[in-house]
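Per my numbering, residue 44 is the first one in the sequence shown, and the count goes up by one each step.
Let me begin by presenting the structure, written as C-alpha cells, before commenting on it.
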Amino acid sequence: VYECKVEETAPKHAQKCVFKQSGERGVGENIWVIGARGENLKQMATSASQSWFSELKKAGVPSENRLTTELWNRPRKAIGYYTQVGMLPICFRGNMIRSMIYTVGEPCQTDCDCQCGGCRCGRNEELCVKPALIATIVATTCYLDK
C-alpha cells in the first residue's frame with residue numbers, strides 16, 4: 044500500500060537537489076538519481092524501485108521480510124556520484140522496527156486489485172493508494188555536485 048501522507052515533505056526536499064536523506068524525523072528515504080532526460084514517470088519509478096530492491100538483495104533481507112535492529116544498524120555503504128543533470132525521485136516510507144519493509148504484490152490495474160480497505164488503484168503509478176490521500180511521484184531536475 045502506497046502511503047501518500049508520509050511523502051508530504053518530499054517536494055521541498057527534492058527542490059533542494061541534495062543527494063542525501065532529508066533528516067525528517069520518523070521517515071526513512073530511498074533516493075535514486077537518473078541521468079536521462081525525458082524519461083516518463085512510470086519508467087522512472089520502475090527503474091528506481093528496481094535499483095532499491097537490488098540494494099536489498101546485496102545487503103540481505105531477512106526471510107520474514109521485517110526490518111530488524113541488526114538490519115537497521117548495519118554499516119553504511121558509500122554512495123558515489125558526480126556532477127550531472129538528473130531526476131531525483133524520492134519515496135518516503137516509515138522505518139519501524141519489526142514492521143514489513145514493503146508489501147509484495149503485482150501492480151494494480153483496477154481498484155478491485157487493491158486488497159486494503161477502501162484503497163484505489165493509482166493507475167498512472169499502478170500502486171494501491173489509501174482513501175483521501177493523493178498519490179504523487181516527486182521528480183525534479185537537479186545539478187548534483189561531488
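Ideal placement from N, C-alpha and C gives every residue a C-beta, glycine not left out.
Note that the coordinates shown come from a computational prediction; the quantities given were computed from them, not determined experimentally.
Give the DSSP-derived three-state secondary structure of residue i in the structure shown.
i, result
"C171", "strand"
"P54", "helix"
"M130", "Only weak support exists for where M130 lies, its pLDDT of 47 falling under 50; the value from the coordinates is given anyway. Strand, per DSSP."
Between residue i and residue j, what straight-line distance do the alpha-carbon atoms span, to the nearest angstrom?
i, j, result
"H56", "Q64", "9 Å"
"E168", "K85", "6 Å"
"G148", "L170", "10 Å"
"C164", "A91", "20 Å"
"W75", "K101", "16 Å"
"S94", "G66", "22 Å"
"P150", "G160", "17 Å"
"Q152", "C60", "33 Å"
"S97", "N83", "21 Å"
"M87", "C157", "22 Å"
"R166", "T89", "14 Å"
Kindly indicate the opening and closing residues of the beta strand (DSSP E) around residue i.
i, result
"C164", "163-165"
Under 8 Å by Cβ, that's how I've got residue i and residue j pegged, so tell me the actual separation to the nearest angstrom.
i, j, result
"K173", "C155", "Not a contact, Cβ separation roughly 16 Å."
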